[in-house]
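Numbering (this note's numbering), first residue to last: 2 to 281.
Written as structure tokens, this is what we have:
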């Protein structure tokens, strides 16, 4: 099992999210139990807590670029979704040399939900789908430049074949302190194109599996294919996630809504100047 790595403050954030859901089952003292579609999980309350309602000016104080990657290749493939290793290294070098500080969604949660400061020029490097090349190509470069990244996992694909990371790779990357993991559904279904009950399972079950195996709560959800709706966003919130991400370009801002945070797609076919331009 993967060792717990989260700071204690994040537990309170998850409790606050859990208390927003519409279906809450009975629980023993010190627990909130969420039940949906036959799935049940408990969030332990570590200590007495007080819920306060923060004003928008107190909480929504910053904008953050969230870069969206998918796959990596050793050589240039002229494919939108594959970023070549040398291009990725140049991007990491640019970020490091220009004072960007990579953060996780947990860091973002502490800033935007607890009103804690973010470091100067924060950026989130997010990677969808959990391909093995995230481990074999991207991870060594992240270590070289000491940059953090977030990998959104599709739980049914973890270790399913040689093209996807397994729990061993996940454990190693998380233990480094550089890579965190968030949810991308169970089977990469487009949530607005399947029955509601199935969409709910994709959202809730992905969180249950990752919370259990990682031994800490995941806080962000990446909508497969970007497909979302007010109902889907409400379900993501109900499940206890603090953020949802969409591929709309531009910086993420809480004025967009916590469950519609914009991401900037890093196009594997574009020249280097386009990457720089996307951060301006």
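Note that CB positions come from ideal geometry on N, CA and C, so glycine has one too.
Report back the beta-carbon spacing between residue 190 and residue 203 to the nearest angstrom; my notes put them in contact at under 8 Å. The sequence position of residue 190 within the chain shown is 189, counting from 1. The sequence position of residue 203 within the chain shown is 202, counting from 1. The C-beta distance from residue 190 to residue 203 rounds to 6 Å, short enough to meet the 8 Å contact threshold.
Count the CB pairs spanning the region 99–106 and the region 134–150 that are closer than 8 Å, and state whether there are at least three. Output reads yes: the region 134–150 touches the region 99–106.
Burial state of residue 113 (16 or more Cβ within 10 Å): On the chain shown, position 112 is the one that residue 113 refers to. Counting the other Cβ atoms within 10 Å of the Cβ of residue 113 gives 16 or more, which makes it buried.
Measuring only the C-alpha atoms, how far is residue 19 from residue 76? Mapped onto the chain shown, residue 19 falls at position 18. Mapped onto the chain shown, residue 76 falls at position 75. Interpretation of residue 19 is limited by its pLDDT of 45, a score under 50 that renders its predicted location unreliable; no figure is taken from the coordinates.
What separation, rounded to the nearest whole angstrom, lies between the Cα atoms of residue 40 and residue 240? The count along the chain shown starts at 1 and reaches residue 40 at position 39. The count along the chain shown starts at 1 and reaches residue 240 at position 239. Any reading at residue 40 must be qualified, since the residue scores a pLDDT of 42, below 50, and its modelled position is unreliable; the value itself is stated next. When rounded, the separation of the alpha-carbon atoms in residue 40 and residue 240 is 11 Å.
List the endpoints of the continuous beta strand (DSSP E) containing residue 237. Within the chain shown, the letter at position 236 stands for residue 237. According to the DSSP assignment, residue 237 belongs to no beta strand (DSSP E) but to the alpha helix (DSSP H) extending over 231–239.
For residue 275, is the classification buried or exposed, using 16 other Cβ atoms within 10 angstroms of its Cβ as the cut-off for buried? In the chain shown, the residue the question calls residue 275 occupies position 274. Residue 275 is classed as exposed because its beta carbon has fewer than 16 other beta carbons within 10 Å across all chains shown.
Helix, strand or coil: how does DSSP classify residue 184 here? Here the question's residue 184 lines up with position 183 in the chain shown. Strand.
Under the rule that 16 or more other beta-carbon atoms within 10 Å means buried, what is residue 177, buried or exposed? Working through the chain shown from its first residue, we reach residue 177 at position 176. Looking at its Cβ environment, which holds fewer than 16 other Cβ atoms inside 10 Å, residue 177 is exposed.
First and last residue of the uninterrupted beta strand (DSSP E) at residue 272: One-based indexing of the chain shown puts residue 272 at position 271. If you look at residue 272, you'll find it isn't in any beta strand (DSSP E); DSSP assigns it neither H nor E.
Buried or exposed for residue 269, going by 16 or more other Cβ atoms inside 10 Å? By 1-based counting over the chain shown, the position of residue 269 is 268. In this structure residue 269 is buried. Its beta-carbon is surrounded by 16 or more other beta-carbon atoms within 10 angstroms.
Per-residue burial, residue 117 [other beta carbons within 10 Å of its own, 16 or more giving buried]: Within the chain shown, numbered from 1, the residue matching residue 117 stands at position 116. Looking at its Cβ environment, which holds fewer than 16 other Cβ atoms inside 10 Å, residue 117 is exposed.
Option in 157, 266 and 181 with minimal Cα separation from residue 80: Stepping through the chain shown from its first residue, residue 80 is reached at position 79. Just measuring C-alpha positions, the residue of 157, 266 and 181 sitting nearest residue 80 is 266.
How would you call residue 50, buried or exposed, if buried means at least 16 neighbouring beta carbons within 10 angstroms? Walking along the chain shown from the start, residue 50 turns up at place 49. Because the pLDDT at residue 50 is just 25, under 50, the model does not fix this residue reliably, and the value given afterwards should be weighed accordingly. Residue 50 comes out exposed.
So, helix, strand or coil for residue 141, using DSSP? Within the chain shown, numbered from 1, the residue matching residue 141 stands at position 140. In this structure, residue 141 counts as helix in the three-state DSSP scheme.
Pairwise C-alpha distance: residue 155 and residue 196: In the chain shown, counting from the first residue as 1, residue 196 sits at position 195. In the chain shown, counting from the first residue as 1, residue 155 sits at position 154. When only Cα atoms are considered, residue 196 and residue 155 end up about 19 Å apart.
Kindly give me the distance between the Cβ atoms of residue 214 and residue 168, rounded to whole angstroms, as I take these residues to be in contact under 8 Å. By one-based count along the chain shown, residue 214 stands at place 213. By one-based count along the chain shown, residue 168 stands at place 167. Indeed, because the Cβ distance is near 7 Å, the residues count as touching under 8 Å.
Proximity below 8 Å, CB of residue 179 to CB of residue 208: Taking the chain shown and counting its residues from 1, the one referred to as residue 179 is at position 178. Taking the chain shown and counting its residues from 1, the one referred to as residue 208 is at position 207. Their beta carbons are not under 8 Å apart, which means residue 179 does not touch residue 208 by this criterion.
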